[in-house]
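To keep things clear, I will list the structure first and then write my remarks on it.
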Amino acid sequence: MAAISREEVAHLARLSRLAVTEQELDRFAGQLDVILQSVARVGEVAAEDIPPTSHSVPLTNVYRDDVPTPSLTQDEALSGAPDAFEGRFRVPRILDEED
Amino acid sequence: MSDLTRLSAASLSKMISSRELSAVEVTTAHLDRIAAVEDRVHAFLHVDAEGALDAARRVDAGEITGPLAGVPIAVKDVVTTKGVPTTAASKILEGWKPPYDATIVERLKQAGMPILGKTNMDEFAMGSSTEYSAYGATNNPWDLGRIPGGSGGGSAAAIAAYEAPLAIGTDTGGSIRQPGAVTGTVGAKPTYGGTSRYGLIAFSSSLDTPGPCGRTVEDTALLHAVMAGHDPRDSTSINQPVPDVVAAARLGKNGDLSGVKLGVVKEFAGDGSEPGVLNSFKESLEALVKLGAEIVEVSCPHFEYALPAYYLIAPSEASSNLARFDGVRYGLRTGDDGSRSLEEVMSLTREAGFGPEVKRRIILGTYALSSGYYDAYYGQAQKVRTLITRDFQSAFEQVDVLVSPTTPFVAFPFGSRTSDPYQMYLADLFTIPTNLYGGPAISVPCGLSEGLPVGFQIMAPTMADDRMYRVAAALESAVGSFTPPEL
Amino acid sequence: MTYDEILTKYEPVIGLETHVELGTRTKMFCGCKTDFGAEPNTQVCPVCLALPGALPVANRAGIEATIRIGLALNCDIAEWCRMARKNYFYPDMPKNFQTSQYDEPLCTDGYVDVTVNGTEYRIGIERVHLEEDTGKTLHVGGATGRIHGATESLVDYNRAGIPLVEIVTKPVPGLGALAPEIAKAYVAELRDIVRSLGVSDVRMEQGSMRCDVNTSLNLPGEEWGTRTETKNVNSLRSVERAVRSEIIRQAAILDDGGKIFQETRHFQETTGDTRPGRSKETATDYRYFPEPDLVPIAPDPAWVASLRESLPEKPSVKRARLREDWGISEVDMQSVTNAGAVELIEETIAAGASPAGARKWWMGELARRANELDVDLAEVGATPAQVAALQKLVDAGKLNDKLARQVLEGVVAGEGDPADVMAARGLEVVNDTGALTKAVDDAIAANPEIAAKIRDGKVAAAGALVGAVMKTTRGQADAKAVRELLLERLGVS
Ligand SMILES: [Mg+2]
Ligand SMILES: [Zn+2]
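Protein chains in written order, with the numbering used here: chain A, 1 to 99; chain B, 1 to 487; chain C, 1 to 493.
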């Protein structure tokens, strides 16, 4: 049985803002299915009472003091921007929740 | 002049500091070599001759001294360099010039190391062959029809092809060690937190580790010492003294390993590898025994789950880390024709800007983190990570270091593993456990299989990076080094 | 159905999520300043712009402020917790994930007591967690900056990364018809508590405190209904209106046999009702996971204990104490609190004014001015010391009420301290009896008919002559003194 369907891949692509093509959907669905069947092997390990590891270094409480450090200039901040206007990053219209 | 490119970083450094050589002539020799061989190797995405020569001049003017002052270096293109293009080998960052230097780049500059340029890699460090670079693959100097490993194939190939004596790599699942193995060079993944990630374009934050690449163990240790150490800009950076890796490498050179216990990972010493690889590995073990080392077989039962756990954790973190590439603040923007919404433009931009492997991993990671799948995939993978860490900890109660082949197979021909992504993933089978644990590991050339280099991996406990350098240097002294055919 | 009829039939359950922007000097995860009103994109760096490669480092002051808020809300402080990434795409969020907290908040399980109509209600606090603010988006080309119909948007990331504390209540059932008022009282109390800690300026109108309101209705004895989440509630009054309008809207649907859908709605300041927001289909899966770039937070118990010991007096306790000291009613204390005048009056009294005098100026003339200027009372332009000095001049008889108001006007206009303004504007009460006697005699001579009437016993007519004297002395005389002198000169007293 397939671990992941073409529709699921399409949904995940939308969620990750990837305008994948129909051909890609076909290819990815097949490949991801193989990958998922392989990685699903983690489920074989009995780990019920094992704590998860999110960080490999046992560090806690790493903080900085509330002291300002230099920021970029506006020009530096906008230097890589695909589009900018009057000191701000310009983007196309944002889909309205009411649209 | 071209002879200069064959010298070790240690020799170059001595000759520059004694003024036998000028930093400018050393840098020029490497720039000339790059110009001569790049059409065949394609190790670099960007060469910064001016910047490198400027740095060299400052060393010659006596402004900077130090252990590697004047020794040129190549930097993997996933590390930010102020004003110098940094793309992570992706179309989505084509032409981007960072307004800041990574901490490790700052340290190279402070050490007076001229930065020759930025090296090729798999896009966003996702891959084991550099075939996923958006700017074309790098060719292995040992056989131009074969992969140089990945993701740091450019850094490894550059030093194997004598374009640079040293290079910076980054290792998330083996991206320093596996390219080192298949190009006959040395590559070390330091302890996670031992080298700063500030300025390293994140692939998988909890695994990414910058590290040194060189042609000898001592050179690699010298670079390790320059780049490592606490960085307050990286919250996961360890605030402890860096182990004396240079002294350890020099100690190992003496070829005495008496009293050192090497643990052979049972699970990685069997048929998972090509026969030629296993052969070289076994011969190396014998050589190490002759140097006085004791061999102990150690079982790490959860290592077989490392690869699946890695391919859940790394893509999950990547799917989040790569969300920032949206065409708003920097990089590519596609499809903004005045009629489309931001959502459409973002999706078109990411579609056009990312290559297939990056998209696969983003989708895979998005899946593994989705509500309903989190516990079975990402959550379970993190538990497996705990068990792998425990395997390491109990192994290190018995032995000083663990050893295995670096990668199951030698450099493979281009195109042979791209159609089935999982076949590519197997290249990192032996290197991944270390990343999940966070400890250091190094790959040293240990022999040839059908004329192609084989790598020997040494894994040490966290913050015991010096231990692996000692064993690596001893092995190097026993088996010698391996020189690729003339290009 | 009227509102009261609805509440005899249905029981509301409310919940509130409040975001408070902390007043730290720098952002939560980088050293950029947090100054309000800076030029766009000048308080940004690789970290808060999410440039490739940049990494966060947590601001200790942000952690401390969150813990102090948690302690002030009677919460347990986590011994160990992590930040988490909340993943969703939005252009005001540079990383396209918000660094927040998920299942391991810093503070849990507290409460706030509020008093409405003399009855105390306990509002349970589910959690207090730390996160970061987004940038600001300007919508261009549509109607008055709205996203709807805009042709493009402009983004400023100065605010991106400023620490935000999110305070979430437990669901509160059983409030009946008072639910809207209690919701408002809770937010007001929360605001006072946070303000007393000095960790935020908690100004709803400037967005440093923002509220989301959850509302559901159920029939008595039945399970709680489906809740809606109303966003964009940006004043105390709106909190009350939003709950009330959502109760009315939901009741109408339920009465019609309809169903309530779990959805996000937006409060409309102009109409006072709520409108639908993001629809169910686009509801995002946030894919939370522990933030790998930040290490866990494990507050030292000794540190937490010292923070607990150094908490300021609770606003409710302090209010009760001051009310007693000042001798005012509960209602008057409420209006002082609502005006944000508690500390100002307290300081004015400390500077030597009487409680009545101090309250009179802040709640009267200065409150009116603040309202006109649309600024906070504290920023109206007069300090407690100045107000106290003004009151002393009145008490000493150097200023009458009318003159004092003029002096205060000068103080607010930045002309200096009351004594300076009084001198510069020549506003001192005329106490020179010679000059005053002459003015009175002049007034009598100029108005012989009125003077005659007064002499005849029509004392009520004296007002006209007092007025005349006040006019010639340009209001600087004491009206009472003038009247006495006048009657004396006319031989009536
Ligand atoms: Mg929130
Ligand atoms: Zn910043």
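Yeah, the Cβ is synthetic: ideal placement off N, Cα and C, and Gly gets one too. The structure displayed is predicted, hence computed values, not measured ones.
Is there at least one non-hydrogen atom of ligand 2 closer than 7 Å to the beta-carbon of residue i?
i: serine 71/A; result: yes
i: glycine 161/C; result: yes
i: valine 67/A; result: no
i: cysteine 211/C; result: no
i: lysine 95/C; result: no
i: valine 44/C; result: yes
i: valine 47/B; result: no
i: valine 47/C; result: yes
i: lysine 27/C; result: yes
i: cysteine 32/C; result: yes
Check whether the Cβ of residue i sits closer than 7 Å to any heavy atom of ligand 1, and report yes or no.
i: serine 100/C; result: yes
i: glutamate 131/C; result: yes
i: glutamate 166/C; result: yes
i: asparagine 148/C; result: Note on residue identity: the sequence assigns histidine, not asparagine, to residue 148/C. No.
i: histidine 42/B; result: no
i: histidine 19/C; result: yes
State the beta-bridge partners of residue i as determined by DSSP.
i: glutamate 229/C; result: Asn214/C, Thr264/C
i: arginine 64/A; result: Asn59/C
i: methionine 93/C; result: Looking at the DSSP assignment, methionine 93/C forms no beta bridge with any residue, so it has no partner.
i: tyrosine 157/C; result: DSSP, once it has assigned bridges, lists no residue as partnering tyrosine 157/C.
i: glycine 214/B; result: Leu166/B, Val186/B
i: proline 276/C; result: Arg265/C
i: serine 523/B; result: Only positions 1 to 487 of chain B appear in this structure, which leaves residue 523/B out of reach.
i: glycine 70/B; result: DSSP output for glycine 70/B lists no bridge partner at all.
Pick from the options: whose alpha carbon is nearest that of residue i?
i: arginine 122/C; options: Val187/C, Ile67/C, His139/C; result: Val187/C
i: glutamate 166/C; options: Leu106/C, Leu197/C, Val140/C; result: Leu106/C
i: histidine 266/C; options: Ile260/C, Asp156/C, Thr274/C; result: Thr274/C
i: proline 82/A; options: Ile432/B, Ser416/B, Thr334/B; result: Thr334/B
i: valine 37/B; options: Leu108/B, Gly150/B, Ala157/B, Phe354/B; result: Ala157/B
i: leucine 307/B; options: Ser56/A, Leu95/A, Ala40/A; result: Ala40/A
i: isoleucine 69/C; options: Leu22/C, Gln43/C, Asp103/C; result: Leu22/C
i: serine 284/B; options: Lys82/B, Asp337/B, Arg350/B, Ala474/B; result: Ala474/B
i: tyrosine 132/B; options: Gly154/B, Leu144/B, Trp142/B, Pro141/B; result: Gly154/B
i: glycine 451/B; options: Arg146/B, Thr431/B, Leu4/B; result: Arg146/B
i: methionine 468/B; options: Gly379/B, Gly187/B, Ile16/B, Ala368/B; result: Gly187/B
i: alanine 78/C; options: Thr99/C, Asp103/C, Lys86/C, Asp92/C; result: Asp103/C
i: valine 24/B; options: Pro485/B, Ala352/B, Leu53/B; result: Leu53/B
i: proline 315/C; options: Leu73/C, Val380/C, Gly257/C, Ile147/C; result: Leu73/C
i: threonine 236/B; options: Ala376/B, Asp219/B, Gly193/B; result: Gly193/B
i: aspartate 391/B; options: Arg57/B, Ser128/B, Glu304/B; result: Glu304/B
My assumption, with CB atoms under 8 Å, is that residue i sits in contact with residue j. Please give the rounded CB distance.
i: asparagine 214/C; j: isoleucine 14/C; result: 6 Å
i: glycine 169/B; j: isoleucine 176/B; result: 4 Å
i: aspartate 499/B; j: methionine 121/B; result: As shown, chain B starts at 1 and ends at 487. That puts residue 499/B outside it, with no answer to give.
i: cysteine 213/B; j: glycine 180/B; result: 6 Å
i: glycine 255/B; j: serine 477/B; result: 5 Å
i: leucine 190/C; j: valine 112/C; result: 6 Å
i: asparagine 162/B; j: arginine 6/B; result: The identity of residue 162/B in the sequence shown is tyrosine, whereas the question assumes asparagine. Right, their Cβ atoms sit about 6 Å apart.
i: arginine 215/B; j: serine 8/B; result: 7 Å
i: serine 206/B; j: glutamate 317/B; result: 6 Å
i: histidine 224/B; j: proline 190/B; result: 6 Å
i: proline 12/C; j: threonine 80/B; result: About 54 Å; that fails the 8 Å criterion.
Compare the C-beta of residue i with all C-beta atoms of chain F and state if any pair is closer than 8 Å.
i: isoleucine 94/A; result: Although the question refers to chain F, the structure presented lacks it and instead comprises the protein chains A, B and C.
Fill in: the stretch 19-33 of chain A: positions lying closer than 9 Å to chain B by Cβ
Legend: CB atoms of the stretch 19-33 of chain A lying less than 9 Å from CB atoms of chain B belong to residues Ala19, Val20, Thr21, Glu24, Arg27, Phe28, Gln31, Leu32.
Fill in: Short-range partners of chain B found in the stretch 52-72 of chain C, where Cβ spacing is below 8 Å
Across the stretch 52-72 of chain C, CB contacts with chain B closer than 8 Å involve Pro52, Gly53, Ala54, Leu55, Pro56, Val57, Ala58, in sequence order along the chain.
Practice prompt. Name, going along the chain, the residues of the stretch 288-299 of chain C whose beta-carbon falls closer than 9 Å to a beta-carbon of chain B.
Written response: The stretch 288-299 of chain C vs chain B, Cβ under 9 Å: Tyr288, Phe289, Pro290, Glu291, Pro292, Asp293, Leu294, Val295.
Discussion item. Give me the subset of the stretch 23-43 of chain C whose CB atoms are less than 8 Å from a CB atom of chain A, sorted by chain position.
Written reply: Cβ contacts with chain A come from Thr24, Arg25, Thr26, Cys30, Gly31, Cys32, Lys33, Glu39, Pro40, Asn41, Thr42, Gln43.
Discussion item. Can you pull out the residues from the stretch 178-197 of chain B whose beta carbon lies closer than 8 Å to at least one beta carbon of chain A?
Written reply: Going along the stretch 178-197 of chain B in chain order, one finds Tyr192, Gly193 with a Cβ nearer than 8 Å to chain A.
Practice prompt. Check each residue of the stretch 45-61 of chain A: if its Cβ is closer than 8 Å to any Cβ of chain C, include it; give the result in chain order.
Written response: Under the 8 Å Cβ criterion, the stretch 45-61 of chain A contributes Ser54, His55, Val57, Leu59, Thr60, Asn61.
Worksheet item: According to a CB-to-CB cut-off of less than 9 Å, which residues of the stretch 337-366 of chain B neighbour chain C?
Response: Hits within the stretch, in order: Gly338, Leu342, Glu343, Met346, Gly365, Thr366.
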